[in-house]
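At position 120 of the sequence shown the residue is numbered 120 (the UniProt record's numbering), and the sequence of numbers has no breaks.
Notes to accompany the following structure.
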Amino acid sequence: MDQAQTKLELFYTQLVTFVTVYGGRVLLAILTLIVGLWVIGWIIRLLSSTMTKRHVDRDVQPFLISLVNGLLRVLLLLSIASTLGVQTTSFVAIIGAAGLAVGLALQGSLANFAGGVLILIFKPFRVGDLVTAQGFTGNVEAIRIFDTTLVTLDNKTIILPNGPLSTSSIVNISTKGVIRVDQVYGVGSQNDIDATKASIIHVVDACPYALKDREHDVLIAKLNPNSRDYDVRVWTKSDTYWETYYYMLENIARQFAKDGIEAPKPKMFITNED
1 MDQAQTKLEL FYTQLVTFVT VYGGRVLLAI LTLIVGLWVI GWIIRLLSST
51 MTKRHVDRDV QPFLISLVNG LLRVLLLLSI ASTLGVQTTS FVAIIGAAGL
101 AVGLALQGSL ANFAGGVLIL IFKPFRVGDL VTAQGFTGNV EAIRIFDTTL
151 VTLDNKTIIL PNGPLSTSSI VNISTKGVIR VDQVYGVGSQ NDIDATKASI
201 IHVVDACPYA LKDREHDVLI AKLNPNSRDY DVRVWTKSDT YWETYYYMLE
251 NIARQFAKDG IEAPKPKMFI TNED
């Protein structure tokens with residue numbers, strides 16, 4: 001009986017000592033947790049509202065919010081551990097070493113992730129745009145966080161990693177909504193200049209894709225020994241670029257044949273050496 005009472009008194013003494021020494025820290029840690037979670041929630045709501053007002057792409061918002069939320073929670077846990085008297089230096093070192101190891105192992109994926117975030121934020125192109133990138137030309141089918149998918153004109157699917165894509169040159173054909181189709185036609189120098197221009201202009205005026213409120217150009221670009229090169233510049237909508245391109249090729253050929261505009265004729269120069 002005396003032994004049990006002694007153990008009870010010892011437990012009571014240890015409990016009082018623990019509450020006296022650590023009670024304040026525990027209460028402060030709990031208070032820090034409650035206030036910290038509220039502050040994190042407020043920051044996340046503010047960040048979400050700001051991104052919505054600034055029209056940040058909805059595809060990238062969840063990634064940024066999750067990233068910021070995770071970092072803030074890690075900082076909160078370190079703060080609570082420090083409040084309880086736990087040495088956080090070793091935790092920071094472990095987290096730093098783990099982060100370095102993961103970063104080295106996944107540096108390609110992280111570069112693609114960062115590139116995807118940049119593309120989604122700054123929008124050098126959108127889904128549906130016709131672009132030329134990394135040596136490929138096609139319509140953007142999807143923009144994901146690690147890669148972008150193009151569908152080429154011959155219906156091939158090209159998957160481009162976002163890391164190199166975000167740091168290389170991109171030609172966005174669809175950005176302005178209007179684009180100029182530039183072509184060069186060579187005809188024989190025996191053809192009348194005005195007749196040749198009239199033949200080309202007739203095709204341009206008849207093109208259903210050519211914009212009527214734009215001035216199209218038919219210019220002599222180069223004079224060759226037996227031919228002339230004509231620059232033909234036709235304005236059209238971005239989404240009808242290729243329709244205009246092939247319409248002009250086919251119908252210029254038809255109109256030249258109809259109007260008797262001949263192709264360059266090769267000439268041979270013979271010299272007599274006595």
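The C-beta atom is built at its ideal place from N, Cα and C for all residues, glycine as well.
On the criterion of 16 or more Cβ atoms from any shown chain inside 10 Å, does residue i qualify as buried, or is it exposed?
i       : result
Phe-122 : exposed
Ile-220 : exposed
Tyr-246 : exposed
Ser-66  : exposed
His-55  : exposed
Ala-210 : buried
Leu-249 : exposed
Val-39  : exposed
Val-234 : buried
Val-26  : exposed
Leu-153 : exposed
Ser-174 : buried
Ala-257 : exposed
Leu-160 : buried
Asp-129 : buried
Val-203 : buried
Gly-177 : exposed
Thr-196 : buried
Ala-263 : exposed
Leu-46  : exposed
Val-131 : buried
Ala-29  : buried
Val-232 : buried
Please report the Cβ distance between residue i and residue j, rounded to the nearest whole angstrom; I am assuming they are in contact, meaning their Cβ atoms lie under 8 angstroms.
i       : j       : result
Gly-163 : Ile-145 : With 8 angstroms as the limit, Gly-163 and Ile-145 do not qualify as a contact, their Cβ atoms being about 11 angstroms apart.
Ile-158 : Phe-136 : 5 angstroms
Thr-244 : Val-181 : 5 angstroms
Ile-80  : Thr-32  : 6 angstroms
Lys-226 : Lys-265 : Just to set this straight, residue 226 is Asn in the shown sequence, not Lys. About 6 angstroms; that satisfies the 8 angstroms criterion.
Asn-191 : Ile-261 : 5 angstroms
Tyr-241 : Ile-200 : Their Cβ separation, rounded to whole angstroms, is 19 angstroms, which puts Tyr-241 and Ile-200 out of contact at 8 angstroms.
Arg-228 : Val-187 : 6 angstroms
Leu-165 : Ala-142 : With 8 angstroms as the limit, Leu-165 and Ala-142 do not qualify as a contact, their Cβ atoms being about 13 angstroms apart.
According to DSSP, is residue i part of a helix, a strand, or is it coil?
i       : result
Thr-175 : coil
Ile-159 : strand
Arg-54  : coil
Ala-105 : With a pLDDT of 48 at Ala-105, under the threshold of 50, the predicted position of this residue should be treated as unreliable, though the coordinate-derived value follows. In the structure shown, Ala-105 sits in a helix (DSSP, three-state: H, G or I).
Per DSSP, residue i forms a beta bridge with which residues?
i       : result
Trp-235 : Arg-180
Ile-170 : Ala-133
Val-187 : Arg-228
Using a Cβ-based criterion (distance less than 8 angstroms to any ligand heavy atom), does residue i qualify as near the ligand SAH?
i      : result
Leu-33 : With respect to the ligand SAH, the structure offers nothing, as it holds no ligand at all.
| said: Which runs of the beta strand (DSSP E) at least 3 residues long sit entirely within the stretch 115-162? Give them in chain order. | reply: Listed in chain order, the complete beta strand (DSSP E) runs (minimum 3 residues) inside the stretch 115-162 are 130-133, 136-143, 147-152 and 157-161.
| request: Please specify which runs of the beta strand (DSSP E), each continuous and at least 3 residues long, are wholly inside the stretch 190-266, giving them in chain order. | output: Here the runs fully enclosed are 217-223 and 227-237.
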